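Participant: Let me give you the structure first, and then I'll get to my questions.
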């Protein structure tokens, strides 16, 4: 492997890792704050990707506008879903949450198949992001992938800022560590939950929209990303956003380079990584021992 | 111990055994399918209901049992007495690996880790050519030993029935044993068991490996019935479905797992039958998904809980 290829693969790894982080952060928020194990989180990613497929022709080159519109739609959808469904799940135990959100996946998957069918679709890269960035003769890299990485970095920084520097973030952190205390302080927990949930859905959908022009849009994409997110959370450690970021990048590298070196067995690379972490540190890289 | 707890399952097994020859092909095939799924669900009940370990990756052991059966039987067909322990052993071995690692985590993380390891097994068979990739592989000749030939439908029927009786009996014995009492203790309060000097990890691992082996038995029977395996067997939908069977029937009861397997299979059959559901049958996943949500919402204790609620006198 020459240096240029190596560099390209590194950039790919980072880009993929950041995208995963976007999905996983929504999952962690929802689980960390509300204590709901949500198997349907991958479906939000899939819904985002299909939304890009549906919206892209309407918006043409106004790609950023499309992302904004998609995020708004996804947040509204998340808000309604929390109100109609998830708000009833909090009192239930994890087992019942697993099953009910599993049922929800079946519903989402089948609705998708009714609405758009089971074909694999592509989404076109907007014209202004088409083409590649060339670094002399060393390598060239698609503009769109650079854009995707940049967008994820901006979002990650924004998320960090909201969680650590704002009043909403303060409530979120307090809600994650002691729910009853927050309620006792007179904070409208119901509304807080609804907002956090909507944000989690919007993050996952946004990740799906950003991913759509790079990977095709296909059935089951939700399930595969969900399981990778689970692996991430296990590797990163319980409730740690830094851990999730570290794990995302690690998984990005293992998966990307796994595909380069071991085409046949690339699927199991991240699970081996998970196994190694579990042997070494069962609580995850950044997790605290419970 | 009440007599009915012992009499009812035995009576059911005898009834199925007697009715077996009277069934048509479709019916007997359907019953065999339910019995295999019952074994699969019972093996998970050992973890979820008896030990309190919610595994969402149980299909891996089921699939490995099935794959090993087909892979080891070769083109001339394999020896029944050799293939069965091989299938169960391979499933138990993978369960030892997965259990040893995943039992270091707890609660939700255990759910995620088991699911992830099951996906790993899925990818090994899906992405490599070991098991024919995503198409799977066919078994040319079914396992046999002497007259005990699984090619014969009647033999298959009784072998599956015997396996179900064996699994049910084994788990019933375990429940009443010291080992079962320790598992129940772990389910209720793990800290206390550790404080009382029990090697909690060892007990949980033993339960995990045994559950894996029994799921491997179900996989062996499934491969013998279908004569074909594919990676979908290990897909996480299958793990979700078997977990649902256990819950649907009623957690903490052996008969719950069997009732759940029956109810779930019937439900799926009904939802995908055009004669009943009309054009909606093409979208049975939608109706199934909604049904799952409604069932879990309304029947947190499963069908057994429903029976108990309707007849307070019959509460066991």
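Chains as they are written, first to last, in the numbering used here: chain A, -14 to 275; chain B, 812 to 1127.
Glycine included, each C-beta is placed from N, C-alpha and C at the ideal position.
Predicted model, so just to flag it, every value in this text is computed and none were measured.
#1: Tell me the start and end of each unbroken alpha helix (DSSP H) in the segment 968 to 1052 of chain B that is at least 4 residues and wholly inside, in chain order.
#2: Where does residue 1064 (chain B) sit, in a helix, a strand or coil, going by DSSP?
#3: Grouping DSSP H, G and I as helix and E and B as strand, with all else coil, what is residue 125 (chain A)?
#4: Who pairs with residue 202 (chain A) in a beta bridge, going by DSSP?
#5: Given a cut-off of 7 Å, decide if residue 895 (chain B) and residue 883 (chain B) are closer than it, judged by their beta-carbon atoms.
#6: So who's on the other strand from residue 118 (chain A), going by DSSP bridges?
#7: Could you pull the DSSP bridge partners for residue 890 (chain B) from this structure?
#8: According to DSSP, is residue 1125 (chain B) helix, strand or coil?
#9: Taking C-beta pairs closer than 7 Å, name the residues in chain B that residue 100 (chain A) reaches, listed in chain order.
#10: Might you give, ordered along the chain, the residues of its own chain that have their beta carbon closer than 7 Å to the beta carbon of residue 33 (chain A), omitting 5 neighbours on each side?
#11: Helix, strand or coil for residue 46 (chain A) per DSSP?
#12: With 7 Å set as the bound, which would you pick, yes or no: does the beta-carbon of residue 85 (chain A) sit closer than that to a beta-carbon of chain D?
#13: Residues of chain B with CB under 8 Å from residue 219 (chain A), in chain order?
#14: Report yes or no: is there a C-beta of chain A within less than 7 Å of the C-beta of residue 1028 (chain B)?
#15: From the DSSP output, read off the bridge partner residues of residue 960 (chain B).
#16: Residue 1019 (chain B) and residue 858 (chain B) look like a contact to me (Cβ under 8 Å); what is the Cβ gap, rounded to whole Å?
#17: Please confirm if residue 772 (chain B) has its CB atom under 7 Å from at least one CB of chain A.
#18: In this structure, how does DSSP classify residue 172 (chain A) when only helix, strand and coil are distinguished?
#19: Any residues in the segment 260 to 274 of chain A with a beta carbon nearer than 7 Å to a beta carbon of chain B? Which ones, in chain order?
#20: Kindly indicate which three-state DSSP category residue 75 (chain A) falls into: helix, strand or coil?
#21: When the cut-off is 7 Å and only beta carbons count, does residue 76 (chain A) lie next to chain B?
#22: Under the rule that 16 or more other beta-carbon atoms within 10 Å means buried, what is residue 1030 (chain B), buried or exposed?
#23: With the cut-off set at 7 Å, would you say residue 3 (chain A) and residue 137 (chain A) are in Cβ contact?
#24: Short check: CB of residue 919 (chain B) to CB of residue 22 (chain A), under 7 Å?
#25: Relative to the C-alpha of residue 68 (chain A), which candidate in A:262, A:182, A:98 and A:-5 has its C-alpha closest?
#26: Would DSSP call residue 157 (chain A) helix, strand or coil?
#27: Sorted by chain position, which residues of the same chain lie with C-beta nearer than 8 Å to residue 1125 (chain B)'s C-beta, five sequence neighbours on each side aside?
#28: Taking beta-carbon pairs under 8 Å, can you tell me which members of the segment 1044 to 1058 of chain B lie near chain A?
#29: Where does residue 22 (chain A) sit, in a helix, a strand or coil, going by DSSP?
#30: Span of the alpha helix (DSSP H) holding residue 268 (chain A)?
Facilitator: So, from the data block:
#1: With a minimum length of 4 residues, the continuous alpha helix (DSSP H) runs that stay inside the segment 968 to 1052 of chain B are 989 to 999, 1001 to 1006 and 1011 to 1037.
#2: Residue mapping note: residue 1064 (chain B) aligns to position 253 of the second chain, counting from 1. Note: residue 1064 (chain B) maps to coil in three-state DSSP.
#3: Indexing the first chain from 1 puts residue 125 (chain A) at position 140. Looking at residue 125 (chain A) - three-state DSSP - the assignment turns out to be strand.
#4: Position 217 of the first chain holds residue 202 (chain A). According to DSSP, residue 202 (chain A) bridges with A:106.
#5: What you label residue 883 (chain B) is simply residue 72 of the second chain in a count that begins at 1. What you label residue 895 (chain B) is simply residue 84 of the second chain in a count that begins at 1. A distance of 7 Å or more separates the beta carbons of residue 883 (chain B) and residue 895 (chain B).
#6: To locate residue 118 (chain A), count along the first chain from 1; it is residue 133. Beta-bridge pairing links residue 118 (chain A) to A:126.
#7: Residue mapping note: residue 890 (chain B) aligns to position 79 of the second chain, counting from 1. Bridge partners of residue 890 (chain B): B:955.
#8: The residue labelled residue 1125 (chain B) in the question sits at position 314 within the second chain. With a pLDDT of 48 at residue 1125 (chain B), under the threshold of 50, the predicted position of this residue should be treated as unreliable, and no value is reported.
#9: Within the first chain, residue 100 (chain A) is the residue found at index 115, counting from 1. Residues of chain B passing the Cβ test: none, with the nearest at roughly 11 Å.
#10: Counting from 1 along the first chain, the entry for residue 33 (chain A) is found at position 48. A distance below 7 Å between beta-carbons, with the five flanking residues on each side excluded, links residue 33 (chain A) to the following residues of its chain, in chain order: 55, 59, 189, 190, 191, 192, 193 and 194.
#11: The sequence position of residue 46 (chain A) within the first chain is 61, counting from 1. If DSSP states are grouped into helix, strand and coil, residue 46 (chain A) belongs with coil.
#12: The chain labelled as chain D is not found among the protein chains of the depicted structure, namely A and B.
#13: Here residue 219 (chain A) refers to the residue found at position 234 of the first chain. Within 8 Å Cβ-Cβ: 916, 920, 923, 924 and 927.
#14: Sequence index remark: in the second chain, residue 1028 (chain B) carries index 217 (1-based). Not one chain A Cβ lies under 7 Å of residue 1028 (chain B).
#15: For this step, residue 960 (chain B) is matched to residue 149 along the second chain. Looking at the DSSP assignment, residue 960 (chain B) forms a beta bridge with B:955.
#16: Against the second chain, residue 1019 (chain B) aligns to sequence position 208. Against the second chain, residue 858 (chain B) aligns to sequence position 47. Between residue 1019 (chain B) and residue 858 (chain B), the beta carbon gap of about 7 Å places them in contact (Cβ cut-off 8 Å).
#17: Summary: the structure shown does not reach residue 772 (chain B), with chain B confined to residues 812 through 1127, and so no result is reported for it.
#18: Here residue 172 (chain A) is taken as the residue at index 187 of the first chain, counted from 1. Coil.
#19: For the segment 260 to 274 of chain A, residues whose beta-carbon sits nearer than 7 Å to a beta-carbon of chain B comprise 260, 263, 264 and 267.
#20: Within the first chain, numbered from 1, the residue matching residue 75 (chain A) stands at position 90. The three-state reading of DSSP puts residue 75 (chain A) in coil, since its state is none of H, G, I, E or B.
#21: Position 91 of the first chain, counted from the first residue, corresponds to residue 76 (chain A). Look at residue 76 (chain A): its C-beta is not under 7 Å from any C-beta on chain B.
#22: Counted from its first residue, the second chain places residue 1030 (chain B) at position 219. Residue 1030 (chain B) comes out buried.
#23: The residue you call residue 3 (chain A) lines up with position 18 of the first chain. The residue you call residue 137 (chain A) lines up with position 152 of the first chain. Cβ distance < 7 Å, so residue 3 (chain A) and residue 137 (chain A) count as in contact.
#24: Taking the first residue of the second chain as 1, we reach residue 919 (chain B) at position 108. Taking the first residue of the first chain as 1, we reach residue 22 (chain A) at position 37. Between residue 919 (chain B) and residue 22 (chain A), the CB-CB gap stays under 7 Å.
#25: The residue given as residue 68 (chain A) occupies position 83 in the first chain. Among A:262, A:182, A:98 and A:-5, the Cα nearest to that of residue 68 (chain A) is on A:182.
#26: By 1-based counting over the first chain, the position of residue 157 (chain A) is 172. Here residue 157 (chain A) sits in helix by DSSP.
#27: In the second chain, counting from the first residue as 1, residue 1125 (chain B) sits at position 314. Note on residue 1125 (chain B): pLDDT 48, under 50, position unreliable in the model; no value is reported.
#28: Within the segment 1044 to 1058 of chain B, the residues whose Cβ lies closer than 8 Å to some Cβ of chain A are 1047, 1051, 1054, 1055 and 1058, listed in chain order.
#29: Taking the first residue of the first chain as 1, we reach residue 22 (chain A) at position 37. Three-state result, residue 22 (chain A): coil.
#30: Working through the first chain from its first residue, we reach residue 268 (chain A) at position 283. Element bounds for residue 268 (chain A): n/a, residue is neither H nor E.
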